[in-house]
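A.B. asks: Supplied in structure tokens, the structure appears directly below.
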Amino acid sequence: AQSVSQHNHHVILSEAASLELGCNYSYGGTVNLFWYVQYPGQHLQLLLKYFSGDPLVKGIKGFEAEFIKSKFSFNLRKPSVQWSDTAEYFCAVTRNNDMRFGAGTRLTVKP
Amino acid sequence: DVKVTQSSRYLVKRTGEKVFLECVQDMDHENMFWYRQDPGLGLRLIYFSYDVKMKEKGDIPEGYSVSREKKERFSLILESASTNQTSMYLCASSLRDTSYNEQFFGPGTRLTVL
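First to last, the sequence lines map onto chains A and B. The numbering of the first sequence is this note's numbering, which starts it at 1 and goes up by one. The numbering of the second sequence is this note's numbering, which starts it at 112 and goes up by one.
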């Protein structure tokens, strides 16, 4: 079965630390990739997405993600996290109108 | 701004009750989705609809049904609630091509079945 894996369930960082959250998928062929974020008490919202072109995509709030096709990966990065980045992050992959979400990674940023 | 609203933020029901969760979107989106969100499992698709009166089963449809009588409204029905249906339920909508269009989510309904 097609799947999306987020290996880190809970990440704890101090402010100003760099962040990288992993996302791997098992789909073959052409895929579209998304990262969503859910801040405490808020609804899920889109951080960034990749369809084609430059594999390094930039999103809101200083986040970026790199698509590495050979590794089936779409890792999320931020050079310097802030306390306000505390949230749950979900990777999602679509192929042929089928969207799958990863299990999510909870990020806690200590002030 | 797209707005997806859900009828309740918190709901407590008893085992065996029939439960209705309502979702309304105001952006004329063709697609609507119901997910449940559980810790460690992420979002799992229950049902989706790509048009009025159309529905497709997702990954975990057992124990649920849906209704889409109007384009803007998508209802999730638990015919006979059970304790293992205690969860956070998320509604989402998108334009027709799901592969390219982001989904917009509602705030969620946290359902507790006692």
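Heads up, the beta-carbon is just placed ideally off N, CA and C, and yes, glycines get one too.
(1) What residue range is occupied by the uninterrupted beta strand (DSSP E) comprising A/His10?
(2) Just checking my contact of B/Phe159 with B/Phe144 at CB under 8 Å: how many whole Å lie between their CB atoms?
(3) Between A/Glu113 and A/Pro111, which are expected to be in contact by the criterion C-beta below 8 Å, what is the C-beta distance as a whole number of angstroms?
(4) Output yes if chain A places a C-beta closer than 8 Å to the C-beta of B/Leu154; else output no.
(5) Using a Cβ-Cβ distance cut-off of 8 Å, determine whether B/Phe216 contacts chain A.
(6) Going by CA-CA distance only, name the one from B/Gly174, B/Gln136 and B/Gln214 that's closest to B/Arg184.
(7) How many angstroms separate the CA atom of B/Glu167 from the CA atom of A/Val81?
(8) Which value, in whole angstroms, describes the spacing of the CA atoms of B/Leu206 and B/Val177?
(9) Could you tell me the distance, in whole angstroms, from the CA atom of A/Leu48 to the CA atom of B/Lys164?
(10) Would the beta-carbon of A/Asn75 fall within 8 Å of that of A/Ala65?
(11) Any beta-carbon of chain B closer than 8 Å to the one on A/Gly102?
(12) Using a C-beta cutoff of 8 Å, does A/Leu44 count as contacting chain B?
(13) Counting only beta-carbon separations shorter than 8 Å, does A/Lys49 have a partner in chain B?
C.D. replies: According to the data block:
(1) Note, A/His10: beta strand (DSSP E), His10 to Ser14.
(2) With 8 Å as the limit, B/Phe159 and B/Phe144 qualify as a contact, their Cβ atoms being about 4 Å apart.
(3) This structure cannot speak to residue 113 of chain A, because chain A is shown only from 1 to 111.
(4) At least one chain A Cβ lies under 8 Å of B/Leu154.
(5) True, the Cβ-Cβ gap to chain A drops below 8 Å.
(6) Residue B/Gln136 is the option with its Cα nearest to B/Arg184.
(7) Distance between the alpha carbons of B/Glu167 and A/Val81 is about 40 Å.
(8) B/Leu206 and B/Val177 have their C-alpha atoms spaced approximately 19 Å apart.
(9) Taking the straight line joining both Cα atoms gives about 32 Å.
(10) In this structure, A/Ala65 lies closer than 8 Å to A/Asn75 by Cβ.
(11) It does; some Cβ of chain B falls within 8 Å.
(12) Yes, A/Leu44 lies at the interface with chain B (some Cβ there is under 8 Å from its Cβ).
(13) Chain B places a beta carbon closer than 8 Å to that of A/Lys49, counting this residue as a contact.
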